[in-house]
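Heads up, the sequence shown is in the working numbering, so the first residue is 176 and it goes up one at a time. Reading through the structure tokens given below for one structure.
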Amino acid sequence: MEFNNVTIIGGGTLGSQIGFMSAFHNKNVTIWGRSAQSIDRTKARIARWETAVQTDLNATDEQIKNAEKHLQFTTDLKDALAGADLVIEALPENVVTKDDFYAQFKDLADPNTILVTNTSTFLPSQFAEATGRPGKFLAYHFANEIWKFNTAEIMPQSKTNPALPAELQRYSKEIGMIPIMINQEQPGYILNSLLVPFLNNALILWSKGIASPEDIDNTWTIGTGAPSGPFRIMDTVGMKTIYEIAHNSSDPDLQAAAEKVKAMIDAGKIGRESGEGFYKYN
176 MEFNNVTIIG
186 GGTLGSQIGF
196 MSAFHNKNVT
206 IWGRSAQSID
216 RTKARIARWE
226 TAVQTDLNAT
236 DEQIKNAEKH
246 LQFTTDLKDA
256 LAGADLVIEA
266 LPENVVTKDD
276 FYAQFKDLAD
286 PNTILVTNTS
296 TFLPSQFAEA
306 TGRPGKFLAY
316 HFANEIWKFN
326 TAEIMPQSKT
336 NPALPAELQR
346 YSKEIGMIPI
356 MINQEQPGYI
366 LNSLLVPFLN
376 NALILWSKGI
386 ASPEDIDNTW
396 TIGTGAPSGP
406 FRIMDTVGMK
416 TIYEIAHNSS
426 DPDLQAAAEK
436 VKAMIDAGKI
446 GRESGEGFYK
456 YN
């Protein structure tokens, strides 16, 4: 099984990173977005990733140009899915949004296309039947800034073809990732099982007025030696993802925090991408 033609559904922070790094490693990549404006935002993100990859990996101008040649963009879902060996769904962390895509995918995709979801916290079994091909479906999760923090967590569900995880392990290595196998379904895989409670507790401390984001971050970085505190991390992840995770929680304290995050989003403060989140950036 060769994954040479790869389609990314959603060009947000992680979708654009996965698409760019796949193209950087000579995969033919199509990134689908809902609108021309969405595609423009995706291209702007990729321009930032190009600069970061040159800085962090010492990539040459030639390598960047080669990656660009392997990238194309479209708002036509049928065209995006045509001929794809592998489709990576990287839509917002919202069940309705994902289910709506799977309903269309089931009717439009080639029968042999493999589908994976980059969901941060949901289980693949939640969506397996909706895809119309549960045997060709699993969860596949990346850390932010994937060229540097290059884990790729692979989590099958009970109906996943037993041979498929090994194929995703191989693909991960082909695009410069370190594959991590998740042996049974776990919300949040390994990384987010550790990270999300950490971020959520920081949100609650802030939302309740216990301490400011700066003081919470300083407590963490000074007290542990970590390079970043939770609010710097959230600015990098982006407020929209943080909101969805907190909003979907059954914890009333987190739901209250989600409303404060929503107010930030409404004010255009979505994190590093907009120049301001919990902190301001040049």
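We treat Cβ as the ideally placed atom computed from N, Cα and C, and that holds for glycine.
* Every unbroken beta strand (DSSP E) within the region 298-370, with a cutoff of 3 residues, ordered by chain -> 312-317, 326-331, 353-356
* To do: Give the straight-line distance between the Cα atoms of residue 184 and residue 254, rounded to the nearest whole angstrom.
  => Numbered from 1 along the sequence shown, position 9 holds the residue referred to as residue 184. Numbered from 1 along the sequence shown, position 79 holds the residue referred to as residue 254. If you take the alpha carbons of residue 184 and residue 254, they lie about 12 Å apart.
* Sequence-distant residues of the same chain with beta carbon closer than 6 Å to residue 446, five excluded per side -> Within the sequence shown, the letter at position 271 stands for residue 446. Within the same chain, residue 446 has close Cβ partners 410, 413, 414, 452.
* Are residue 228 and residue 296 closer than 8 Å when you measure CB to CB? -> Walking along the sequence shown from the start, residue 228 turns up at place 53. Walking along the sequence shown from the start, residue 296 turns up at place 121. Result no, Cβ atoms of residue 228 and residue 296 do not sit closer than 8 Å.
* To do: Confirm, please, whether the CB-CB distance from residue 335 to residue 310 is below 8 Å.
  => If you number the sequence shown from 1, residue 310 lands on position 135. If you number the sequence shown from 1, residue 335 lands on position 160. In this structure, residue 335 lies closer than 8 Å to residue 310 by Cβ.
* How would you call residue 167, buried or exposed, if buried means at least 16 neighbouring beta carbons within 10 angstroms? -> Missing from the structure shown is residue 167; the chain here goes from 176 to 457 and no further.
* Does the Cβ of residue 403 have 16 or more other Cβ atoms within 10 Å, making it buried, or fewer, making it exposed? -> Residue mapping note: residue 403 aligns to position 228 of the sequence shown, counting from 1. Residue 403 comes out exposed.
* Asked: What number of angstroms, rounded off, separates the C-alpha of residue 194 from the C-alpha of residue 246?
  -> Against the sequence shown, residue 194 aligns to sequence position 19. Against the sequence shown, residue 246 aligns to sequence position 71. Taking the straight line joining both Cα atoms gives about 8 Å.
* Answer with buried or exposed for residue 324, where buried requires no fewer than 16 other C-beta atoms within 10 angstroms of its C-beta. => Counted from its first residue, the sequence shown places residue 324 at position 149. When all chains shown are included, residue 324 counts as exposed.
* To do: Taking residue 248 as part of the alpha helix (DSSP H), name the residues at either end of that continuous run.
  => Translated into positions along the sequence shown, residue 248 becomes position 73. No alpha helix (DSSP H) contains residue 248, which is instead part of the beta strand (DSSP E) from 246-249.
* With a CB to CB cut of under 8 Å and the five nearest residues on each side skipped, what residues in its chain are close to residue 299? -> Counting from 1 along the sequence shown, the entry for residue 299 is found at position 124. 292, 312, 313, 314, 330, 331, 332, 335, 360.
* To do: Taking residue 420 as part of the alpha helix (DSSP H), name the residues at either end of that continuous run.
  => Taking the first residue of the sequence shown as 1, we reach residue 420 at position 245. Unbroken alpha helix (DSSP H) run through residue 420: 414-422.
* 7 Å CB neighbourhood of residue 277 in its chain, flanking five on each side removed -> Against the sequence shown, residue 277 aligns to sequence position 102. 302, 305, 306, listed in sequence order.
* To do: Please go through the same chain and pick out, in chain order, the residues whose beta-carbon is closer than 6 Å to the beta-carbon of residue 382, but skip the five residues on each side of it.
  => Walking along the sequence shown from the start, residue 382 turns up at place 207. Contacts found: 431, 432, 435.
* Look at the alpha carbon of residue 347 and the alpha carbon of residue 341, and state the distance between them as a whole number of angstroms. => Position 172 of the sequence shown, counted from the start, is the residue given in the question as residue 347. Position 166 of the sequence shown, counted from the start, is the residue given in the question as residue 341. Those two C-alpha atoms are separated by around 10 Å.
* Per DSSP, the bridge partner or partners of residue 263 -> Within the sequence shown, numbered from 1, the residue matching residue 263 stands at position 88. Residue 263 pairs with 183, 291.
* Starting from residue 445, trace the beta strand (DSSP E) both ways and give me its first and last residue. => Residue numbering aside, residue 445 sits at position 270 when the sequence shown is read from its first letter. No beta strand (DSSP E) contains residue 445, which DSSP labels as neither H nor E.
* Identify every residue that forms a DSSP beta bridge with residue 203. => To locate residue 203, count along the sequence shown from 1; it is residue 28. Answer is 180.
* Rounded straight-line distance, which links the Cα of residue 213 to that of residue 428 -> Along the sequence shown, one-based indexing puts residue 428 at 253. Along the sequence shown, one-based indexing puts residue 213 at 38. Whole-angstrom Cα-Cα distance: 32 Å.
* **Any non-hydrogen atom of the ligand COA closer than 7 Å to residue 383 Cβ** => In the structure shown, the ligand COA is absent, as is every other ligand, since no ligand is present at all.
* Asked: Considering only residues of the same chain and omitting the five flanking positions on each side of residue 188, which have a CB-CB separation below 8 Å?
  -> As a first step, residue 188 must be located in the sequence shown, where it is residue number 13. Only 220, 319, 412, 413, 416, 448 meet the Cβ criterion.
* To do: Per DSSP, which residues does residue 455 bridge with? Please list them.
  => Here residue 455 refers to the residue found at position 280 of the sequence shown. For residue 455, which the question treats as bridged, DSSP gives the partners 451.
* To do: Hey, could you find the ends of the alpha helix (DSSP H) residue 387 is sitting in?
  => By 1-based counting over the sequence shown, the position of residue 387 is 212. Segment: none, residue 387 is in no alpha helix (DSSP H) and carries neither H nor E.
* Which whole-angstrom value describes the C-beta separation of residue 235 and residue 205, a residue pair presumed to lie in contact below a C-beta threshold of 8 Å? -> In the sequence shown, the residue the question calls residue 235 occupies position 60. In the sequence shown, the residue the question calls residue 205 occupies position 30. Actually they are not in contact, since the Cβ atoms of residue 235 and residue 205 sit about 25 Å apart, beyond 8 Å.
* Asked: Does the count of Cβ pairs from the region 279-288 and the region 255-266 closer than 8 Å reach three?
  -> yes
* Opening and closing residue of the alpha helix (DSSP H) in which residue 209 lies -> Counting from 1 along the sequence shown, the entry for residue 209 is found at position 34. Where residue 209 is concerned, there is no enclosing alpha helix (DSSP H), given that its DSSP letter is neither H nor E.
* To do: Round the Cβ separation of residue 199 and residue 265 to the nearest angstrom and send it over; I've been treating them as touching at under 8 Å.
  => As a first step, residue 199 must be located in the sequence shown, where it is residue number 24. As a first step, residue 265 must be located in the sequence shown, where it is residue number 90. About 17 Å separates the two Cβ atoms, so there is no contact after all.
* Asked: Just checking my contact of residue 380 with residue 391 at CB under 8 Å: how many whole Å lie between their CB atoms?
  -> Residue numbering aside, residue 380 sits at position 205 when the sequence shown is read from its first letter. Residue numbering aside, residue 391 sits at position 216 when the sequence shown is read from its first letter. With 8 Å as the limit, residue 380 and residue 391 qualify as a contact, their Cβ atoms being about 6 Å apart.
* Residue span of the alpha helix (DSSP H) that contains residue 272, given as start and end -> Taking the sequence shown and counting its residues from 1, one reaches residue 272 at position 97. Residues 270-283.
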